[in-house]
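These notes concern the structure reproduced below.
And the structure:
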């Protein structure tokens with residue numbers, strides 16, 4: 001990913017005074033209001049279909065939490081099509097897949113970024129069995145360790161209507177944000193995604209309509 005693409009992806013960092021960055025901060029505030037009764041420390045960000053911008057949304061939500069002096073961890077759980085290592089300019093040689101397969105400790109895979117208070121676990125090499133790894137006791141243990149070490153854990157998942165592991169991760173998370181691309185997603189696809197999340201007992205705490213044209 002080019003430097004210019006990186007800058008566009010992390011607009012909450014590069015242009016904090018922009019309208020888009022303010023929208024991300026408002027989203028962070030809405031998530032916090034949704035968790036007034038109980039702390040939501042692990043937040044999965046997903047979409048109904050690929051290409052709706054959920055990885056960019058996840059990264060920018062994380063940046064706004066870091067800017068609010070929270071210790072933030074981004075976990076890329078989209079092992080089939082990872083993006084967070086590109087967004088943050090990190091190596092993907094090791095990450096979540098290698099940790100779950102080999103039983104690595106959290107410190108072995110957490111990568112620092114250029115953004116204060118924000119660290120990332122890249123997805124790692126594509127494994128033959130993403131769903132099995134994410135369903136494992138090792139994943140549950142990793143999430144519990146992450147919650148102890150960080151104030152907020154943002155998890156980038158695959159799209160709900162494409163791969164079963166999205167529901168696996170969503171069900172292990174305290175809350176889910178559903179990202180939808182304006183003008184792309186048909187109502188039935190959005191409803192199917194919501195129904196799947198409800199069936200998996202995932203807690204939907206918000207929805208984001210992405211790529212809305214300015215009037």
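Numbering (full-length UniProt numbering), first residue to last: 1 to 215.
Don't be surprised by glycine CBs; every beta carbon is placed ideally from N, CA and C.
Note that the structure is a prediction, hence the values are computed from the model and not measured.
- Note on residue 112: under 16 other CB atoms within 10 angstroms of its CB, so exposed under the neighbour-count rule.
- Burial is judged here by how many other beta carbons sit within 10 angstroms of a residue's own beta carbon; residue 130 has at least 16 and is buried.
- Selection 199, 127, 93 and 116 evaluated against residue 13 yields 116 as nearest (Cα-Cα).
- For residue 98, the secondary structure class from DSSP, reduced to helix, strand or coil, is helix.
- Taking the Cβ atoms as the reference, residue 121 lies roughly 5 angstroms from residue 75, within the contact range of under 8 angstroms.
- Put simply, of 58, 49 and 77 the residue whose alpha carbon is nearest the alpha carbon of residue 143 is 77.
- Judged by DSSP in its simplified three-state form, residue 152 adopts strand.
- In its chain, beyond the 5 residues on either side, 59, 60, 63 and 87 have a beta carbon closer than 7 angstroms to the beta carbon of residue 10.
- Listed in chain order, the non-local C-beta contacts of residue 16 below 8 angstroms within the same chain comprise 67, local neighbours out to five positions each way being set aside.
- Secondary structure note for residue 73: its beta strand (DSSP E) is the uninterrupted segment 72-76.
- Where residue 20 is concerned, the enclosing alpha helix (DSSP H) starts and stops at 19-34.
- In this model, residue 147 and residue 153 are separated by some 7 angstroms (Cα to Cα).
- Around residue 48, the same chain offers 159, 160, 161, 178, 180, 185, 189, 190, 192 and 193 as residues with beta carbons nearer than 8 angstroms, after the five sequence neighbours per side are excluded.
- When 110, 83, 70 and 167 are compared, the shortest CA-CA separation from residue 53 is found for 83.
- Residue pairing by DSSP places residue 180 opposite 209 in a beta bridge.
- Within the same chain, and ignoring the five residues on either side of residue 207 in sequence, the residues whose Cβ sits closer than 6 angstroms to its Cβ are 178.
- With 16 or more other CB atoms across the displayed protein chains lying within 10 angstroms of its CB, residue 40 is buried.
- Of 46, 44, 57 and 163, the smallest CA-CA separation from residue 22 is found for 57.
- Taking a contact as a CB-CB distance under 8 angstroms, the pair residue 176 and residue 44 counts as one, their CB atoms being some 5 angstroms apart.
- Counted as a single uninterrupted DSSP element, the alpha helix (DSSP H) harbouring residue 54 occupies residues 54-67.
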